[in-house]
Amino acid sequence: MHMSDALLSPPVALSAGIVSALLIGVSASRIKHEDRDGDAPLMGVLGAFVFAAQMINFTIPGTGSSGHIIGGLLLAALLGPWRGFITLCSVLIVQCLVFADGGLLALGCNIINMAAMSCLVAYPLVFKPLLGQNLNKSRIMLASVVASVVGLELGAFMVSVETVLSGISALPMNRFILFMLPIHLAIGICEGIATGLVLVFVSQRAPAMMMWNVPENSAATRKSRRSMVVIFAVAALILAVAFAWIASENPDGLEWAIMKLTGSTELAPSATPSTAFMPDYESHLSGIVGGIIVMMILWAVSMMIFRRKPQQKPRQ
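Shown next, in the form of structure tokens:
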């Protein structure tokens, strides 16, 4: 669902950039007041895991399209919405600047469509109410699938609105939405199943991880964090190495919708950022390099946020 610069006008891109920057600022401020200073390693490995997982496009049978997970719901479920949002923003920024995946002009829109819709909308408004306090398998799977579908559909709708408001591509909104929503419904179901399976595993191996608002000095939380850091680090490495052999070459949902309307997956070539030394993930080492960069950024961001953290007040 990564938008390219060719779809957006400067005013729309600037507006989205301002909104996304404000959301990042609010998230950082909220994180300062959470009693969980030791999450930097977990944020790093989960960011690397989502980065590697996003590289693997899976085929949507019978469509000629493919999709990849967004990962926002998974991050929000394990880190909380604000940390999850910051983590996914870091992934999207690295994808844009280092791998030219998503346009630089479109970065704000991509943050809103993928990170905000999943972490700040679908998670608190859909996933949490459906899950409640019950961590049984069926409830986790139901909440994951429904929330993933809602997040993907909202993101797909936002892509359509931003594209039409820009007025550059002349894509008809009704037909664009007609292609965007059904294909992302299928992608959302697939992501929901994958997210649910991961969360079921976590709930069985480290149930305290599903209660991210437990204070960090909880023994259960510390033990869960250590085990999950190792498990997700290994999983990220496996995905990063395997992506070149198992990723589908079919166009993703957005490219597929554009192709259905125009006959081409791209409306116009986008400029590659000068920082993109591995455009289009051209190296087999892209997954490993990207994962390491994401971990380093998240570690640095976490340290800056926690260093400026105000004195904790007694909890009400």
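Just so we're aligned, residue 1 is where the sequence shown starts under the working numbering, counting upward by one.
A virtual CB, placed ideally from N, CA and C, is assigned to each residue, including glycine.
For A147, which residues from the same chain have a beta carbon less than 6 Å from its beta carbon, with the 5 sequence-adjacent residues on both sides left out?
These residues qualify, in order along the chain: L73, A122, V126 and F127.
Within 8 Å, do at least three Cβ pairs link the segment 4 to 12 to the segment 111 to 120?
No: the two stretches stay apart, fewer than three of their Cβ pairs being nearer than 8 Å.
Keeping to the same chain, check which residues put their C-beta closer than 6 Å to that of W299; ignore five residues upstream and five downstream.
A40 and G44, listed in sequence order.
Determine the DSSP secondary structure at D101, reduced to helix, strand or coil.
The answer is coil: DSSP assigns D101 none of H, G, I, E or B.
Pair within 8 Å by beta-carbon distance, E153 and H184
The answer is yes: Cβ separation under 8 Å.
Through-space distance from F232 to L131, alpha-carbon basis:
Those two C-alpha atoms are separated by around 23 Å.
Apart from the five residues on each side of it in sequence, which residues of its chain come closer than 7 Å, Cβ to Cβ, to A247?
Taking A247 as the centre and dropping the five residues before and after it, the same chain places the C-beta of M55, I56 and N57 closer than 7 Å to its C-beta, in chain order.
Using the rule of at least 16 other Cβ atoms within 10 Å of the residue's Cβ for burial, across every protein chain shown, is I297 buried or exposed?
I297 comes out buried.
Whole beta strand (DSSP E) elements within the segment 156 to 224, 3-residue minimum
Scanning the segment 156 to 224 for uninterrupted beta strand (DSSP E) segments of 3 residues or longer gives nothing; none is fully contained.
If A53 and L285 are in contact, beta carbons under 8 Å, what's the gap, nearest whole angstrom?
Going by Cβ atoms, the distance from A53 to L285 rounds to 17 Å, so no, they are not a contact pair.
CB A76 to CB M210, shorter than 8 Å?
No, Cβ-Cβ distance for A76 and M210 is not below 8 Å.
Using only alpha-carbon positions, find the residue among L88, A208, V200 and F243 that is nearest to M295.
Measuring from the Cα of M295, the nearest candidate turns out to be L88.
Counting only the same chain and skipping the five closest in sequence on each side, list residues whose C-beta sits under 8 Å from that of I193.
If the five residues before and after I193 are omitted, its C-beta is found closer than 8 Å to the C-beta atoms of M141, S144 and V145, all from its own chain and listed in chain order.
Starting from S65, follow the beta strand (DSSP E) in both directions and report where the run begins and ends.
S65 -> beta strand (DSSP E) spans S65 to G67.
Expressed to the nearest angstrom, what Euclidean distance is found between the alpha-carbon atoms of D101 and K32?
Between the alpha carbons of D101 and K32 lies a distance of about 30 Å.
Tell me T59's beta-bridge partners as DSSP assigns them.
S66, per the DSSP bridge assignment.
For G188 versus V230, is the C-beta distance shorter than 8 Å?
Contact flag unset, no.
Distance CB(M1)-CB(G253) smaller than 8 Å:
Yes, the Cβ-Cβ distance between M1 and G253 is below 8 Å.
Between N174 and M259, what straight-line distance do the alpha-carbon atoms span, to the nearest angstrom?
N174 and M259 have their C-alpha atoms spaced approximately 15 Å apart.
Check the DSSP bridge columns for D252 and list the partner residues they point to.
D252 has S66 as its beta-bridge partners, per DSSP.
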